[in-house]
Each structure stands twice: as structure tokens, then as C-alpha cells.
Amino acid sequence: MTHLPVAELHLHLEGTLEPETIFELAERNKITLPYSDVDELKALFEFADLQAFLDLYYANMSTLRTAADFAEMTDAYLTRAAIAGVRHAEVFIDPQAHLLRGIALEEVLEGVTSALDASVANHGMSSGLIVSMLRDQSAESAMNVLDGVIALGTPILGIGLDSAEVGHPPSKFVEVYAKARAEGLHLVAHAGEEGPPEYIWEALDLLGVERIDHGIRCMEDERLVERLTAERVPLTVCPLSNVSLKAIGRLSDHPLESMLRRGLNVSVHSDDPSYFGGYIDDNFREVSDALDLDVDDLVTLARNSVTSSFADDVRKAELL
Ligand code: ES4
Ligand code: ZN
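In terms of this note's numbering, the sequence shown opens at residue 4 and continues consecutively.
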């Protein structure tokens with residue numbers, strides 16, 4: 004299974020910082036962490052909800068200071084992803100989380116893109132970057148990031164929307180997405196993770212997104228399921244994340260199987276693998292153990308990840 008080519012389409016680079024790396028970075032950058040060792044940190048990996056996770060995620064990324072730190076984090080992820088069978092990766096970075104603590108946009112983008120630029124040569128993996136906006140920050144702040152990326156001329160695949168969902172609907176970011184579209188960028192957004200199905204409708208109709216990240220709560224709205232199915236809108240589902248953040252009680256209750264049976268264009272991804280118990284191979288293995296999926300379903304999930312990617316047609320054909 005793990006040797007079917009897969010594309011990772013839903014992965015937050017900052018969520019790949021392993022506890023050992025967090026301590027190494029803290030030491031290198033002279034940052035005092037509020038935990039004395041890896042075990043004490045790992046003991047905190049029990050989350051009541053999305054916000055509880057985000058609090059720890061933002062705290063730990065404060066250990067990243069220099070372009071070299073960002074490059075190292077990115078290359079460590081690519082190394083692990085190659086083992087998982089990932090042949091194409093579209094990864095998220097959260098610039099605002101770093102700008103807010105005084106790290107320049109150039110530093111972040113230079114580090115990440117230097118590692119991604121070498122992904123084919125070093126890991127046989129094509130890759131691209133999606134700049135994700137923090138929805139719990141203002142639309143003006145997101146627009147500033149977009150303007151900053153454009154001014155720097157850093158090539159990116161597109162923009163995304165993440166962080167605390169409830170109370171921050173897609174409608175808040177209409178102008179940001181309109182500008183990104185005018186720039187020829189791809190558009191994705193987290194929607195229907197903790198937030199209601201209405202946020203998925205908004206992401207489609209007001210932002211014009213090409214993929215929905217998570218989207219699991221679409222199953223509460225029959226008309227929405229019909230729309231997503233008819234238009235083959237990709238939903239990048241992260242099963243271990245949903246269990247970890249209590250969106251789903253147990254993996255055996257995950258709607259992935261019903262989503263497949265309804266003909267939705269679903270694929271399986273990692274989200275924040277260091278925090279949620281595993282990378283894309285772990286997600287595949289655990290859903291195939293917990294749900295009633297056959298080999299054809301696993302092949303469908305793998306193929307959907309490739310067809311839903313922003314890779315060009317030549318690269319897609321190589322991976323299908
Ligand atoms: C995230 Cl799991 C999740 N949801 C929303 N935003 C995020 N950022 C990083 N992980
Ligand atoms: Zn996510």
C-alpha cells in the first residue's frame with residue numbers, strides 16, 4: 004500500500020516539528036520552553052479541541068528563527084514523506100504566525116523554498132508551497148501577507164485558510180481571495196472541520212476555492228454532498244487529526260468510508276503529523292484497519308490525491 008504513489012495535499016510544515024527537534028531548535032536559538040524534556044512535552048499531546056492544539060502548535064513554532072531553521076524543518080519533512088511513499092507534496096506555511104513574533108517574511112519563505120526547490124533532486128518528489136492565512140487574524144493582515152509574497156516574487160502555488168474556524172467564516176476573506184485569483188494563484192481553504200457546512204458553501208461560492216481542506220461536516224447537508232459530488236470538489240481529509248482534535252469520537256466512526264460510498268472526491272492526508280500520531284502512511288494504515296475499506300478504496304484514495312493536486316498533467320500522468 005505504502006508504495007502506491009501518493010500526493011500530500013494537506014500538511015502544515017509547522018506541524019511536522021517533532022518534539023526532539025523543538026528542543027534542538029530551542030537550544031540553538033536560546034529559547035526557554037515551558038517544559039523540561041521531550042516526555043513532558045509529549046504528555047501535552049492530548050487535545051480537547053482545535054483551539055487547545057493550536058495553542059501548543061503556535062507556542063512550539065516560536066523555536067524557529069532563521070531561514071536555516073525553516074529549511075531544516077522542511078527538509079526533515081521531505082525525508083520522512085519520501086519514506087511514506089509521497090511523490091508530490093503541496094505544503095502549508097503560516098507566515099502570520101512568524102511575522103507576529105518578529106520573523107521577517109523573507110526569512111520564512113527563503114528557508115522553506117530553498118528546501119522545496121531541492122525536493123526533486125534530493126527526494127524524487129515534486130513540491131509546492133501554499134501560503135495559508137490565519138482566519139482568526141484580520142483580513143487586512145492576510146492581505147498584507149499576500150502583498151508581501153507578491154512583492155518578494157516568491158513562486159507559490161496558492162493560498163489557503165487555517166487556524167480557529169468557528170466565528171471566522173470564509174466570507175471574511177473575499178477580497179483576499181479575489182486578489183489571489185487575479186494573481187493566478189490556486190485557492191484552497193479549511194472548511195467544515197469544526198465549522199458548519201455553511202462555511203463549505205461560503206468557501207465554494209464566495210472564495211471560489213478549488214479544494215476544501217477537511218470538509219468532513221459536509222455529511223450533515225445532503226444538498227452540499229450532491230454539489231461536491233457533482234463538481235468533484237476535492238476534500239483533503241485527515242483522519243488521525245479529526246480523532247486527535249475530537250471532531251470524531253473514534254477512527255471507526257470516521258465518515259471517510261461513507262464519503263467514499265457517496266462518491267465524494269476524498270483523499271487522505273496528515274495535517275500536523277507530529278502532533279496527531281502520524282504521517283500519510285500512518286493515516287492510510289490506520290483507516291484501512293479501522294474502516295471497512297478494500298484495496299480498490301485505498302487505490303481510489305491514492306489516485307484522488309494525485310488528480311486533486313496542482314501538479315501539471317505530465318507529472319500527474321507519471322504518478323497515476
Ligand atoms: C490546523 Cl488541524 C488544523 N486546523 C486548522 N488550522 C490548522 N493549522 C494547523 N493545523
Ligand atoms: Zn489543516
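No residue lacks a Cβ here, since even glycine has one placed at the ideal position from N, Cα and C.
message: Suppose contacts are defined by Cβ-Cβ distances below 8 Å. Is Glu-17 in contact with Ala-70 by that definition?
response: no
task: Report the three-state DSSP secondary structure of His-101 (helix, strand or coil).
output: helix
- request: List the endpoints of the continuous beta strand (DSSP E) containing Gly-161.
  value: 161-165
field: Nearest neighbour of Glu-186, chosen from Phe-176, Ile-162 and Phe-95 [CA to CA]
entry: Ile-162
query: Taking buried to mean at least 16 other C-beta atoms within 10 Å of its own C-beta, is His-257 buried or exposed?
result: buried
task: Sort out for me which residues DSSP pairs Pro-276 with in a bridge.
output: DSSP output for Pro-276 lists no bridge partner at all.
- prompt: Can you tell me whether DSSP reads Asp-316 as helix, strand or coil?
  reply: helix
field: Member of Phe-176, Val-89, Glu-110 and Thr-239 whose CA lies at the smallest distance from the CA of Pro-98
entry: Glu-110
- request: Just mark Pro-37 as buried or exposed, buried being the case when its beta carbon has 16 or more other beta carbons within 10 Å.
  value: exposed
- prompt: Any contact of the stretch 20-29 with the stretch 214-227, i.e. 3+ C-beta pairs under 8 Å?
  reply: no
message: Can you find the residues in the same chain that come closer than 7 Å, C-beta to C-beta, to Leu-248, ignoring five residues on each side of it along the sequence?
response: The residues are Phe-50, Asp-52, Leu-53 and Phe-56.
task: Can you say whether Asp-275 is buried or exposed, counting buried as having 16 or more other CB atoms within 10 angstroms of its CB?
output: In the assembly as shown, Asp-275 is a buried residue. Its beta-carbon has 16 or more other beta-carbons within 10 Å.
task: With DSSP as the reference, label Asn-307 as helix, strand or coil.
output: In this structure, Asn-307 counts as helix in the three-state DSSP scheme.
message: So, for Val-177: in the same chain, excluding its five sequence neighbours on each side, which residues have a beta-carbon less than 6 Å away from its beta-carbon?
response: Leu-209
message: Can you give me the C-alpha to C-alpha distance between Asp-316 and Asp-40, rounded to a whole angstrom?
response: 47 Å
- prompt: Val-179 and Met-146: beta carbons closer than 8 Å?
  reply: Yes, these two residues count as a Cβ contact at 8 Å.
field: Burial state of Pro-158, where buried means 16 or more other Cβ atoms lie within 10 Å
entry: By the Cβ-count criterion, Pro-158 is exposed, with fewer than 16 other Cβ atoms from all chains shown falling within 10 Å of its own Cβ.
- prompt: Under the three-state reduction of DSSP, which class applies to Pro-237: helix, strand or coil?
  reply: strand
message: I'd like to confirm something about Asp-274: is its beta-carbon nearer than 7 Å to some heavy atom of the ligand ZN, or not?
response: yes
Nearest-angstrom Cα separation, counted from Asn-32 out to Ala-10: 33 Å
task: For my contact list, Ala-84 and Ala-74 are in at a C-beta cut-off of 8 Å; report their separation, rounded to the angstrom.
output: The pair is not a contact, with the Cβ atoms about 15 Å apart (cut-off 8 Å).
Classification of Ile-219 by the beta-carbon crowding that lies within 10 angstroms, buried from 16 upward: buried
Cβ-Cβ distance between Ser-2 and Ile-96 below 8 Å: A query on residue 2 cannot be resolved here, the shown segment of the chain reaching from 4 to 323 and no further.
task: List the whole-angstrom C-beta distance separating Val-240 from Ser-270, where the pair is believed to meet the contact cut-off of C-beta under 8 Å.
output: 7 Å
query: For the beta strand (DSSP E) that Asn-32 lies in, which residues bound it at each end?
result: From DSSP, Asn-32 is part of no beta strand (DSSP E); its letter is neither H nor E.
query: What does His-91 pair with, by DSSP beta-bridge criteria?
result: Ala-10 and Ser-129
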